[in-house]
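Below is one structure, written out as structure tokens; the observations come after it.
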Amino acid sequence: MAAAAAPATPAVPPVIPSLAASTPAPATGPAADWPAQLGPCRLDGLATALRCASLRRPLDPARPDGVQIALHYAVLPALSRHKADDPVVFLAGGPGQSATELAGPLAAAYQRLGQRRDLVFIDQRGTGRSAPLRCPDDAADAPQRSLAEQADDTARLARLQACRRALQALPHGDLRFYSTAIASADLDAVRAALGVARVNLIAASYGTRAALDYQRQFPTRVRRAVLDGVVPPDMRLADSAAQDNQATLDGVINACAAEPACARRHPALRAQWQALLAGLPRAVSLPHPGSGLPETVTL
């Protein structure tokens with residue numbers, strides 16, 4: 000397996016693929032009980048028709064006869080008549096991104112790979128059309144919230160608690176079963192449904208953690224993996240955000256100091272930053288990203 004950098008995955012508007020049943024793909028292993036039916040479908044950003052399917056999966060792996068969810072995925076067939084038998088699977092970031100919603104820009108970025116290999120886009124459970132977990136007020140209320148409200152930790156916690164209650168009320172709302180490890184088992188079920196022995200993985204951000212976990216659980220099922228912006232399994236993203244941001248800022252300041260042209264233009268960049276921090280708290284006027292109207296916030 001080889002690791003290298005890959006283009007970042009751009010965001011695209013949500014799409015809902017049309018699904019049409021066709022001849023089931025050969026299935027072995029964990030997916031054999033519920034064969035997926037690949038049928039023609041369309042996704043935004045792609046002029047070429049794809050093949051889409053839904054794979055039935057137990058919400059709780061320990062209860063195969065319990066609540067079921069539908070795992071959605073799309074396959075962009077290779078252009079060559081003599082294609083390779085190891086498709087490329089894209090693992091989206093977030094966590095929370097839908098791989099099928101990124102299919103358009105990803106297919107464009109990896110056209111060369113699509114010549115001889117199928118490109119596979121899987122909506123991880125909880126994303127896209129795979130038992131989606133979406134806070135009810137996200138889309139409707141977010142643009143109307145003031146900047147101060149969006150920055151209010153107490154209000155944000157209340158919204159998160161309300162969202163959690165709403166999600167837990169869903170038929171598929173047992174949040175214990177939306178883990179990276181279980182998602183890896185879902186991925187292997189898709190691999191089996193496609194009838195292939197091995198896959199190649201391309202992953203970015205959180206998707207790299209999913210890729211690492213899949214290789215840990217199913218080491219013989221991966222031919223190659225490309226990881227961009229690795230998120231190690233022992234890294235707590237939220238806990239390290241402030242430290243990561245500070246490290247990035249320090250890196251920019253140090254890089255400028257080491258570059259003669261930048262150093263001449265900004266000879267006191269670090270001192271200016273320290274002076275800015277010393278002047279806090281400070282009230283500033285900013286345009287609201289939704290309405291464009293000015294609002295005053297305290298930094």
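Note that the sequence shown covers residues 0 to 298 in numbering that gives the first Met the number 0. By construction, the Cβ of each residue, glycine as well, lies at the ideal position given by its N, Cα and C atoms.
Asked: Is Q96 helix, strand or coil by DSSP?; Found: coil
Asked: Rounded to the nearest angstrom, what separates L302 and I252 at their Cα positions?; Found: Residue 302 cannot be examined here, being either before or after the span of the chain that is shown, 0 to 298.
Asked: Kindly give me the distance between the Cβ atoms of S183 and Q216, rounded to whole angstroms, as I take these residues to be in contact under 8 Å.; Found: 5 Å
Asked: Going by DSSP in three states, M0 sits in which element: helix, strand or coil?; Found: With a pLDDT of only 43 at M0, under 50, the local geometry of the prediction cannot be trusted, and no value is derived from it.
Asked: With a CB to CB cut of under 6 Å and the five nearest residues on each side skipped, what residues in its chain are close to A165?; Found: P135
Asked: If I follow the unbroken beta strand (DSSP E) through V119, where does it start and stop?; Found: 118 to 121
Asked: Are the beta-carbon atoms belonging to A77 and D117 less than 8 Å from one another?; Found: yes
Asked: Look at the alpha carbon of A102 and the alpha carbon of G65, and state the distance between them as a whole number of angstroms.; Found: 31 Å
Asked: Tell whether a beta-carbon distance below 8 Å holds between G127 and H71.; Found: yes
Asked: Using only the alpha-carbon positions, how far apart do S145 and A157 sit?; Found: 16 Å
Asked: To the nearest angstrom, how far is the alpha carbon of A257 from that of H265?; Found: 11 Å
Asked: From which residue to which residue does the beta strand (DSSP E) around P293 run?; Found: 293 to 297
Asked: Within the same chain, show all residues whose beta-carbon is closer than 6 Å to that of A147, passing over the 5 residues directly before and after it, in chain order.; Found: V296
Asked: Report yes or no: do the stretch 168 to 176 and the stretch 196 to 206 share at least 3 C-beta pairs separated by less than 8 Å?; Found: no
Asked: Could you check where the beta strand (DSSP E) with V251 kicks off and where it finishes?; Found: Note, V251: premise wrong, no beta strand (DSSP E); alpha helix (DSSP H) at 236 to 257.
Asked: In this structure, how does DSSP classify R264 when only helix, strand and coil are distinguished?; Found: helix
Asked: In the DSSP assignment, the alpha helix (DSSP H) including P104 goes from what residue to what residue?; Found: 102 to 108
Asked: To which residues of the same chain is T27 closer than 6 Å at the C-beta, ignoring the five residues directly before and after it?; Found: Confidence is the limiting factor: at T27 the pLDDT is only 35, short of 50, which leaves the residue's position unreliable, though a coordinate-based value still follows. Excluding residues within five positions, the ones whose Cβ falls inside 6 Å are A191.
Asked: Going by beta carbon distance, what residues of the same chain come within less than 6 Å of A48, once the five residues before and after it are set aside?; Found: P39
Asked: Closer than 7 Å by C-beta to G206: which residues in its own chain qualify, once you throw out the five before and the five after it? Chain order, please.; Found: L90, A91, G92
Asked: Below 6 Å CB to CB, which residues in the same chain sit around A260 once its five sequence neighbours on both sides are set aside?; Found: none
Asked: When the Cα atoms are used, what is the spatial distance from P86 to A106?; Found: 13 Å
Asked: Figure out for me which residue from D152, D212, D233, Q273 has the closest Cα to the Cα of L186.; Found: D212
Asked: With a 10 Å radius around its C-beta and 16 neighbouring C-beta atoms as the bar for buried, classify V283 as buried or exposed.; Found: exposed
Asked: State yes or no: is the C-beta of R56 within less than 8 Å of the C-beta of A188?; Found: yes
Asked: Is it right to say D238 is buried, meaning 16 or more other beta carbons lie within 10 angstroms of its own, or is it exposed?; Found: exposed
Asked: Pull up the distance between the alpha-carbon of A254 and that of R208, whole angstroms please.; Found: 29 Å
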